[in-house]
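Enquirer: Just dropping this structure here.
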Amino acid sequence: MAITDTKPLQVVVSSKPFHSLVAGVMAGTGSPTLLIRGSHSPHNYALKPRDAQQLQDADLIFWGGHHIEPFLEKPLQSLAANTPVLSFDTVQKITQLPVREGVIWGEESQHDDHAHHTHESMDPHIWLDPLNAKELVESIAATLSQINPQAEKQYRENGERLQQRLEVLHQELQQQMQPLAGRAFMVYHDSYQYFEKRYHLQTVGAVTQHVEHGSSAGALQQVRRQIAAHQIRCIFKEPQFSSRLVQVAAEGSHARISVLDPIGANLIPGADLYFQLLRNISRSLRSCL
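Numbered continuously in the working numbering, the sequence shown closes out at residue 351.
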């Protein structure tokens, strides 16, 4: 469905990293609306009346899919049934990795090759691989061009520039992460697999498997044993969740506590956010490990 009148294109994007990529492709033609503002996590976000209205008014909606943004699945069906929607987890060319089970991952999970698996078992944090982001940009530009063909040339040129920036970012991160190979660390929850695999990092596990439910006493004991066994240097909390579990896990060890942020919770939305987000992750890893 193409937009043929002169009214501004109403584009809604679910969360900050995706919004940043869409904003980059739309530069000079308009600005997309961000649904999840502030430091809210897409895992447990509650849709607000303002959000519902924005979905109803949208000409086009981009989201991460029901695994990462489950709160959006039913509203999209009821409020935007006739609106074009691109779910980023269905983009064909992206690398997809299987969800890792439990809070401690075996050595084999650190060394598997990039592969394609069934959609239902996928880790949804696809944006944390800059090479995936390049593929998302291509799909964003193509989708926008279908809806608003008058701006196709601008979308294509913006997309090409953005992909070039992403390639430069990838090369930069590759160089920065190389010295960290083999330095074991632990994360709050399993958000970073795409970044880890792309740059050959060694995460041994997560403090909690489900951010909505915390962690059982047994699981925490398992985590603490692994911290001791692997002489973990650093445990990373996330700014949008309580640090209590991370502090409990680190008790009695020499592990430092630092922050990794997978969504840019405290970053200003916009076309540069994605680049700030990945560089912040790199900086946090380098300073703690």
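Yeah, the Cβ is synthetic: ideal placement off N, Cα and C, and Gly gets one too. None of the values given here were measured: they were computed from a predicted structure.
Assess, as a yes-or-no matter, whether the region 246 to 261 is touched by the region 119 to 138 under the definition of 3 or more beta carbon pairs within less than 8 Å.
Expert: no
Enquirer: Are Leu83 and Leu122 touching if we call contact CB-CB under 8 Å?
Expert: Result no, Cβ atoms of Leu83 and Leu122 do not sit closer than 8 Å.
Enquirer: Output needed for Asp113: all residues of its chain with C-beta closer than 7 Å, excluding positions within five of it in sequence on either side, in chain order.
Expert: Leu97
Enquirer: Bridge partners of Thr343, per DSSP?
Expert: Here the sequence assigns Ile to residue 343, which means Thr is not the residue at that position. Answer by DSSP bridge pairing: none, since Ile343 is not bridged.
Enquirer: Short check: CB of Leu148 to CB of Leu117, under 8 Å?
Expert: Taking 8 Å as the Cβ cut-off, Leu148 and Leu117 do not qualify as a contacting pair.
Enquirer: Between Gln225 and Val199, what straight-line distance do the alpha-carbon atoms span, to the nearest angstrom?
Expert: 7 Å
Enquirer: For a quick check, are the C-beta atoms of Ser355 and Cys296 less than 8 Å apart?
Expert: No statement about residue 355 is possible, as the shown extent of the chain runs from 63 to 351 and does not include it.
Enquirer: Cα separation between Pro192 and Ala213?
Expert: Computed Cα separation, rounded: 25 Å.
Enquirer: Give every residue of the same chain whose Cβ lies closer than 6 Å to the Cβ of Ser103, excluding the five residues on either side of it in the sequence, and list them in chain order.
Expert: Gln302
Enquirer: Who are the Cβ neighbours of Tyr21 in its own chain at under 6 Å, not counting the five residues just before and after it?
Expert: Outside the displayed range of the chain (63 to 351) lies residue 21, so it cannot be described from this structure.
Enquirer: Anyone know if the C-beta pair for Asp119 and Pro160 falls short of 8 Å?
Expert: no
Enquirer: For the region 285 to 309, which segments carrying the alpha helix (DSSP H) assignment without a break, of at least 4 residues, lie completely within its bounds, in sequence order?
Expert: Listed in chain order, there is nothing to give.
Enquirer: Bridge partners of Leu122, per DSSP?
Expert: Val73
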